[in-house]
Amino acid sequence: MKKYVFCYSQKYAIWKNYDMKCFWCGEPLRIMDVTIDHIIPERLLDSEEEFMEIKEKYSLADAFQINDFCNWVPCHSTCNSKKGKRVFPGSPAFLMIIDGVLRKSEKVKDYHDKLLSNVKTDKQIGELLTNLEKGVISDSDLLILLTRTKYKHYNYAEKENKFKELIPDGWKLIDIDDYGHGVIANGKASGLIPLTVEPHHSWRCPHCHEFGPWHGSRCVNCGRTSVELD
Ligand SMILES: [Zn+2]
Ligand SMILES: [Zn+2]
0 MKKYVFCYSQ
10 KYAIWKNYDM
20 KCFWCGEPLR
30 IMDVTIDHII
40 PERLLDSEEE
50 FMEIKEKYSL
60 ADAFQINDFC
70 NWVPCHSTCN
80 SKKGKRVFPG
90 SPAFLMIIDG
100 VLRKSEKVKD
110 YHDKLLSNVK
120 TDKQIGELLT
130 NLEKGVISDS
140 DLLILLTRTK
150 YKHYNYAEKE
160 NKFKELIPDG
170 WKLIDIDDYG
180 HGVIANGKAS
190 GLIPLTVEPH
200 HSWRCPHCHE
210 FGPWHGSRCV
220 NCGRTSVELD
């Protein structure tokens with residue numbers, strides 16, 4: 000019989016949901032000491048007949064799986080080997096154990112699913128941040144994508160209303176940065192504008208004489224850069 004190989008996330012989910020204690024002795028269990036025990040021994044995978052008998056004896060559902068959260072508990076390796084490969088007699092105490100693990104299994108499974116999806120999310124965020132840092136994706140690409148998708152539904156209406164006079168036609172206020180500047184976008188480009196009625200003169204484009212929007216040193220309105228020589 001090939002022994003089931005647990006992944007770390009399964010071990011962790013089982014350990015965490017059994018209060019970080021050994022199922023058999025009840026003593027605290029460190030994560031590096033966790034072994035996973037099968038209540039109904041794994042060797043029964045090799046003897047269909049005996050497994051059917053056991054299933055009947057313990058009134059296990061047809062769907063009962065030996066390698067599933069409904070049959071897995073955390074324990075010390077010493078406690079695991081002490082129990083060995085015995086199948087416990089069909090005592091009421093053992094039936095209660097099986098029932099308890101079965102009832103808990105849904106919660107452990109949910110926890111494990113969440114754990115995996117968090118890992119997936121974290122990986123994607125990590126990749127995104129790496130790509131932003133490397134410049135594979137630029138901040139403005141990201142802003143444009145956000146205005147096309149996410150921010151389309153984002154409710155900046157209240158703030159937009161407050162600054163209505165200051166936002167050029169066809170542009171949308173999508174954020175206000177740490178300095179109080181408006182980040183605006185029109186689905187094609189993004190830029191910064193001052194959110195005051197009388198902006199500092201440095202905001203004025205030397206070419207088109209508008210207050211941006213600015214994309215770095217480039218005026219999005221006329222497309223020229225502020226440092227460019229005439
Ligand atoms: Zn133990
Ligand atoms: Zn300009």
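Here numbering that gives the first Met the number 0 is used: the first residue of the sequence shown is 0, the next is one more, and so on. The beta carbon of each residue, even a glycine, is placed where N, CA and C say it ideally should be. The model shown is predicted, which means the values in this text are computed figures rather than measured ones.
Residue i versus residue j: straight-line alpha-carbon distance, rounded
i, j, result
"Lys81", "Ile39", "15 angstroms"
"Gln64", "Asn70", "7 angstroms"
"Gly99", "Ser90", "14 angstroms"
"Ser46", "Lys20", "31 angstroms"
"Asp229", "Gly215", "Unreliable positioning characterises Asp229 in this predicted model, as indicated by a pLDDT of 48, which lies under 50. The coordinate reading is nonetheless provided below. Those two C-alpha atoms are separated by around 19 angstroms."
"Tyr178", "Cys6", "47 angstroms"
"Ile183", "Ile13", "48 angstroms"
"Ser225", "Thr129", "30 angstroms"
"Glu164", "Val118", "44 angstroms"
"Cys74", "Glu52", "26 angstroms"
"Thr34", "Ile175", "51 angstroms"
"Glu197", "Glu126", "41 angstroms"
"Met0", "Lys122", "35 angstroms"
"Ser137", "Ser76", "51 angstroms"
"Leu194", "Asp18", "53 angstroms"
"His208", "Arg217", "13 angstroms"
"Val219", "Trp213", "6 angstroms"
"Leu44", "Ile96", "20 angstroms"
"Ser201", "Ile166", "18 angstroms"
"Glu49", "Glu55", "10 angstroms"
Helix, strand or coil at residue i according to DSSP, with G and I counted as helix
i, result
"Trp14", "helix"
"Arg223", "coil"
"His206", "coil"
"His111", "helix"
"Asp229", "Interpretation of Asp229 is limited by its pLDDT of 48, a score under 50 that renders its predicted location unreliable; the figure taken from the coordinates is listed afterwards. Three-state result, Asp229: coil."
"Cys6", "coil"
"Leu191", "strand"
"Lys54", "helix"
"Asp177", "coil"
"Gly215", "coil"
"Asp138", "helix"
"Cys69", "helix"
"His231", "What the structure shows of the chain is the stretch from 0 to 229, and residue 231 is not part of that stretch, so it cannot be assessed."
"Ile166", "coil"
8 angstroms Cβ cutoff met for residue i and residue j
i, j, result
"Ser8", "Leu115", "yes"
"Ile124", "Leu145", "no"
"Phe162", "Gly181", "yes"
"Ile192", "Gly211", "yes"
"His206", "Cys221", "yes"
"Asn16", "Lys103", "yes"
Cβ distance (whole Å) where residue i is taken to contact residue j below 8 angstroms
i, j, result
"Asn66", "Tyr3", "5 angstroms"
"Leu94", "Tyr57", "6 angstroms"
"Phe22", "Asp36", "7 angstroms"
"Leu141", "Leu131", "7 angstroms"
Any chain C beta carbon closer than 8 angstroms to residue i
i, result
"Glu41", "Reference to chain C is not applicable here, since this structure consists of a single protein chain."
Any chance the stretch 98-111 sits against the stretch 156-167, with 3 or more Cβ pairs inside 8 angstroms?
no
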